[in-house]
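Colleague:
Residue numbers (the numbering used here), protein chains in the order written: chain A, 3 to 171; chain B, 833 to 1006.
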């Protein structure tokens, strides 16, 4: 005759609580739905925040960080980004002129020449305390400078995003 | 209680550093596009029609090699001299030993860079379905009578070509 299985109360409790969980974890197949979604709908790109802040903009040619030394880049090490997206909030009434510049650097991170290549430029006409947005399509430069001019000083809030594209599998 | 998972058809393993939970192969193989600086040059362009931007005048010598992964080449040039620069971008494929398939080159771009002294220029070198050649030779020759000093940077861009994206999607590859 087979010996009866003797269990303490503690072992019985462990069987009741642990067995169903371990069966789910080990015995049943993992749901495939998530894997399928991963495989067939991966993101094509992602947006990364490069900088966020505000600066008092006057007519001396300051960038969105407030730096008015023309040789300084607003963003460096940007060669992997295919696009930039600048979202801003203008506090004052005066129009703001903007210029977007870019340049390449050598292997020691020194620009290959003085000055900048101008990508785009324009004027932001929005009323005070309004949002604006600019998409910069000319990508894969090493360094960028977004320079602003305002006839009367005003605060400009900025959020600069950069797009990194994914390769196909 | 350790977390356990089905490692293969018959083995149940505890999660640990040595045997982590499996992740989807699709996610592991995803790579970000890398745009890489391939070349920096500082040369003077003269009247030699065979000179490339590295200064080499041997017609068969590539300016860039191992470029199969690049969809587009972005050429940034800072022109120090005032005269124009004529350029020609040539490309070719190589076999598995790295030798060109045959003599000569295929022209993929040509043009003239004009503008004042000390100006920036950018040329996007690409084709409808992407470049993806193995080697390139970028020839430069002065357009006027005076030699022109220049500095160049070439950036290679790996990219999912948009025109093929729908095909990749259909094949589950993009």
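Idealized CB from N, CA, C, for every residue including glycine.
In this text the structure is predicted, and so the values were computed from the model without any measurement.
Based on the DSSP secondary-structure assignment, which residues constitute the bridge partners of residue 50 of chain A?
Modeller: Residue 50 of chain A pairs with A:164.
Colleague: Identify the residues that DSSP records as bridge partners of residue 982 of chain B: which are they?
Modeller: B:875, B:911, per the DSSP bridge assignment.
Colleague: Please report the Cβ distance between residue 954 of chain B and residue 895 of chain B, rounded to the nearest whole angstrom; I am assuming they are in contact, meaning their Cβ atoms lie under 8 Å.
Modeller: Rounded, the Cβ-Cβ distance is 17 Å, inconsistent with contact.
Colleague: CB-CB under 6 Å to residue 1001 of chain B, same chain, minus the five flanking residues each way: which ones, in chain order?
Modeller: Model confidence at residue 1001 of chain B stands at a pLDDT of 34, short of 50, so the residue's coordinates are unreliable and nothing is read from them.
Colleague: Identify which residue in B:948, B:871, B:854 has its Cα closest to the Cα of residue 838 of chain B.
Modeller: Out of B:948, B:871, B:854, B:854 has the C-alpha closest to the C-alpha of residue 838 of chain B.
Colleague: Which word fits residue 1090 of chain B, buried or exposed, when buried means at least 16 other C-beta atoms lie within 10 angstroms of its C-beta?
Modeller: Nothing can be reported for residue 1090 of chain B, as the shown portion of chain B is limited to 833 through 1006.
Colleague: Could you tell me if residue 164 of chain A is buried or exposed, where buried requires 16 or more neighbouring beta carbons within 10 angstroms of its beta carbon?
Modeller: Buried.
Colleague: Among the residues of its own chain, which have a CB less than 6 Å from the CB of residue 845 of chain B, if the five just before and after it don't count?
Modeller: Excluding sequence neighbours, residue 845 of chain B sits near 839, 851.
Colleague: Since I believe residue 985 of chain B is in contact with residue 876 of chain B (beta carbons under 8 Å), could you give me their beta-carbon distance rounded to a whole number of angstroms?
Modeller: With a Cβ gap of about 17 Å, residue 876 of chain B and residue 985 of chain B do not count as contacting.
Colleague: Which residues share a DSSP beta bridge with residue 56 of chain A?
Modeller: Note: residue 56 of chain A sits in a beta bridge opposite A:159.
Colleague: For chain B, check one thing: does any of its Cβ atoms lie closer than 8 Å to the Cβ of residue 88 of chain A?
Modeller: No, no contact with chain B.
Colleague: Pick out whichever of B:916, B:878, B:899 has its Cα sitting closest to the Cα of residue 889 of chain B.
Modeller: Comparing Cα-Cα distances from residue 889 of chain B to each of B:916, B:878, B:899, the minimum goes to B:878.
Colleague: If the cut is a Cβ gap below 7 Å, which residues of chain A does residue 807 of chain B touch?
Modeller: Missing from the structure shown is residue 807 of chain B; chain B here goes from 833 to 1006 and no further.
Colleague: Drop a sphere of 10 angstroms on the beta-carbon of residue 900 of chain B, count the other beta-carbons inside from all chains shown, and report buried for 16 or more, exposed for fewer.
Modeller: Its Cβ having fewer than 16 others within 10 Å, residue 900 of chain B is exposed.
Colleague: Please classify residue 807 of chain B as buried or exposed, where buried requires at least 16 other C-beta atoms within 10 Å of its C-beta.
Modeller: The structure shown does not extend to residue 807 of chain B, since chain B spans only 833 to 1006, so no value can be given for it.
Colleague: In the segment 892-910 of chain B, which residues sit with their C-beta less than 8 Å from some C-beta in chain A, listed in chain order?
Modeller: Cβ contacts with chain A come from 906, 908, 910.
Colleague: Starting from residue 950 of chain B, find everything on chain A with Cβ-Cβ shorter than 9 Å and list it in chain order.
Modeller: Result: 115, 116, 117.
Colleague: Out of B:975, B:959, B:927, B:866, which one is the CA nearest neighbour of residue 897 of chain B?
Modeller: Answer by Cα proximity: B:927.
Colleague: Measure how close the beta-carbons of residue 941 of chain B and residue 972 of chain B come, nearest whole angstrom, since I'm counting them as under 8 Å.
Modeller: 12 Å between Cβ atoms; not a contact.
Colleague: Tell me the rounded alpha-carbon separation between residue 97 of chain A and residue 55 of chain A.
Modeller: Roughly 20 Å separates the two Cα atoms.
Colleague: Mind listing the chain A neighbours of residue 987 of chain B? Cutoff is C-beta to C-beta under 7 Å, in chain order.
Modeller: Chain A residues near residue 987 of chain B: 81, 142.
Colleague: Who are the Cβ neighbours of residue 886 of chain B in its own chain at under 8 Å, not counting the five residues just before and after it?
Modeller: Contacts found: 871, 873, 875, 895.
Colleague: Where does residue 39 of chain A fall in DSSP's three states?
Modeller: Confidence at residue 39 of chain A is low in this model, with a pLDDT of 49, below 50, so the placement of that residue should be treated as unreliable; the coordinate-derived value is given next. In this structure, residue 39 of chain A counts as helix in the three-state DSSP scheme.
Colleague: What's the gap between the Cα of residue 965 of chain B and the Cα of residue 68 of chain A?
Modeller: The straight-line gap from Cα to Cα measures roughly 44 Å.
Colleague: Under the rule that 16 or more other beta-carbon atoms within 10 Å means buried, what is residue 52 of chain A, buried or exposed?
Modeller: Burial call: buried.
Colleague: Does residue 149 of chain A come out as helix, strand or coil in the three-state DSSP assignment?
Modeller: Residue state, collapsed to three classes: strand.
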